[in-house]
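Quick note on our numbering: the sequence shown kicks off at 15 and runs consecutively. One structure is given below, encoded as structure tokens.
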Amino acid sequence: YGGEALVMDPADQYLVEDETKQVTEKRRANHNEVVSWMRKTQYLGSENARYGSGADRQETKVGYKLFKEGITDQLYRDRQGQIAAINKTFEDVKIPCKKHPTKEGVYAVEEFEVFPDFDSWQLPYAQVLFDGDPIPSNKNKDELMDESILVGVNVDGEDIVGYYVPTEETLAYLSKLHNGEEVPDPEKVMEYNCQREYNWTIKTEGHRGYEPIYFFTFKNGKAYYNQIGTKVKLARKAKGSKMV
């Protein structure tokens with residue numbers, strides 16, 4: 015700019031100093047001393063448990079894995095090394111990553127662009143966890159589970175959940191509907207039987223310790239993610255159904 019020499023701000027100058035530069039300032043030279051009666055700052059986390067709270071060691075700066083491999087002696091120690099390492103990340107990101115980083119033999123076979131599911135984001139979703147298989151062995155088990163429904167009811171003042179499965183006649187009718195072999199009939203009565211009864215506990219985003227869950231749907235060659243805001247756990251009740 016006009017031939018004038020640029021003067022770097024002292025705060026920025028400190029960031030680009032070589033770590034191998036000889037420290038001549040007495041006050042700075044004493045910063046790394048361990049004082050037995052002074053407790054150093056510790057952060058609550060798994061990293062502190064691994065690295066310990068000793069002096070400012072090399073493995074805490076760069077990483078435990080790199081330290082164990084013995085490649086941290088000259089890594090990032092001078093300004094040029096830091097610049098080279100940063101530039102390398104821009105090239106590395108262009109390399110296709112097909113292999114799993116930790117599991118040998120696992121690799122990607124297809125890639126999808128990922129987007130938020132704006133079309134269905136406003137809909138509530140729940141994850142339902144059963145304490146066992148709700149349907150015993152049955153030749154039509156998969157079809158029955160696809161068409162089964164959960165109904166929350168109050169029986170004699172007790173809130174319970176019923177797992178209802180369609181009768182064979184209803185299942186056949188629903189199958190024809192899905193295959194386009196039957197025209198929907200609003201007057202059609204579909205019968206379901208209560209297969210099991212459950213007590214239930216529920217957790218939502220407002221509960222302490224709740225961790226959000228996300229799921230993917232695949233449409234038009236793209237992946238869309240959405241959030242499950244409710245988690246329901248079902249525990250089977252003792253036999254002796256009060257529901258029909």
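Even for Gly, the Cβ is constructed at its ideal location relative to N, Cα and C.
Subject >> Of the listed residues GLN241, VAL165 and ASP156, nearest to GLU219 (C-alpha basis) >> reply: In the sequence shown, residue 219 corresponds to position 205, counting from 1. Ranking GLN241, VAL165 and ASP156 by Cα distance to GLU219 puts GLN241 first.
Subject >> Contacting residues, own chain, Cβ-Cβ under 8 angstroms from ILE109 (five flanking each side not counted) >> reply: The residue given as residue 109 occupies position 95 in the sequence shown. None.
Subject >> Secondary structure of ILE3, DSSP reduced to three states >> reply: Coverage of the chain is limited to positions 15 through 258, which leaves residue 3 absent and any answer about it impossible.
Original post:
LYS102: buried (16+ other C-beta within 10 angstroms of its C-beta) or exposed?
Top reply: Position 88 of the sequence shown, counting from 1, holds the residue named residue 102. The residue in question, LYS102, is exposed, as its Cβ has fewer than 16 Cβ neighbours within 10 Å.
**OP:** Quick one: residues in its chain with C-beta nearer than 6 angstroms to the C-beta of PHE144, no 5 flanking neighbours on either side, listed in chain order?
**Re:** Taking the sequence shown and counting its residues from 1, one reaches residue 144 at position 130. Only LEU248 meet the Cβ criterion.
Subject >> Assumed close pair LYS155, ILE149 - CB separation to whole angstroms, cut-off 8 angstroms >> reply: Position 141 of the sequence shown holds residue 155. Position 135 of the sequence shown holds residue 149. Contact flag correct, Cβ pair sits at about 5 angstroms.
Original post:
Roughly how many angstroms lie between the CA atoms of GLU196 and THR184, to the nearest whole one?
Top reply: The residue given as residue 196 occupies position 182 in the sequence shown. The residue given as residue 184 occupies position 170 in the sequence shown. Their backbone Cα atoms lie some 12 angstroms apart in a straight line.
Subject >> N- and C-terminal bounds of the beta strand (DSSP E) containing PHE232 >> reply: Residue numbering aside, residue 232 sits at position 218 when the sequence shown is read from its first letter. From DSSP, the beta strand (DSSP E) with PHE232 extends over 227-233.
Original post:
Which same chain residues, not among the five before or five after LYS112, have their C-beta less than 8 angstroms away from its C-beta?
Top reply: Numbered from its first residue, the sequence shown carries residue 112 at position 98. Answer for LYS112: TYR121 and ALA122, listed in chain order.
Original post:
Does the segment 229-244 touch the segment 131-139, meaning 3 or more C-beta pairs lie closer than 8 angstroms?
Top reply: yes
**OP:** Hey, could you find the ends of the beta strand (DSSP E) ILE163 is sitting in?
**Re:** Here residue 163 refers to the residue found at position 149 when the sequence shown is read from its first residue. Here the beta strand (DSSP E) through ILE163 covers 163-169.
Original post:
Hey, out of HIS221, ALA252, LYS202 and SER151, whose CA is closest to GLY243's CA?
Top reply: The residue labelled residue 243 in the question sits at position 229 within the sequence shown. The candidate whose alpha carbon is nearest that of GLY243 is HIS221.
**OP:** Please report the residue range of the alpha helix (DSSP H) in which THR184 lies.
**Re:** On the sequence shown, position 170 is the one that residue 184 refers to. Unbroken alpha helix (DSSP H) run through THR184: 182-192.
Subject >> Residue nearest to PRO138 in terms of C-alpha spacing, selected from LYS245, ALA252, TYR178 and GLN27 >> reply: Within the sequence shown, residue 138 is the residue found at index 124, counting from 1. Taking only the C-alpha atoms, the option nearest PRO138 is LYS245.
Original post:
Which one or two residues does DSSP pair with VAL197 in a beta bridge?
Top reply: Sequence index remark: in the sequence shown, residue 197 carries index 183 (1-based). In DSSP, VAL197 forms no bridge with anything.
Original post:
Helix, strand or coil: which one does DSSP assign to LEU143?
Top reply: Residue numbering aside, residue 143 sits at position 129 when the sequence shown is read from its first letter. Correct three-state label for LEU143: strand.
Subject >> Spatial distance of ILE100 from GLY223 (CA atoms) >> reply: Translated into positions along the sequence shown, residue 100 becomes position 86. Translated into positions along the sequence shown, residue 223 becomes position 209. Their backbone Cα atoms lie some 38 angstroms apart in a straight line.
Original post:
Going along the chain, which residues of its own chain have a beta-carbon closer than 6 angstroms to the beta-carbon of VAL142, five neighbours each way excluded?
Top reply: Looking up residue 142 in the sequence shown gives position 128. If we look at VAL142 and ignore the five residues flanking it on each side, its Cβ neighbours are VAL246.
Subject >> DSSP-derived helix/strand/coil call for GLN136 >> reply: By one-based count along the sequence shown, residue 136 stands at place 122. Residue state, collapsed to three classes: coil.
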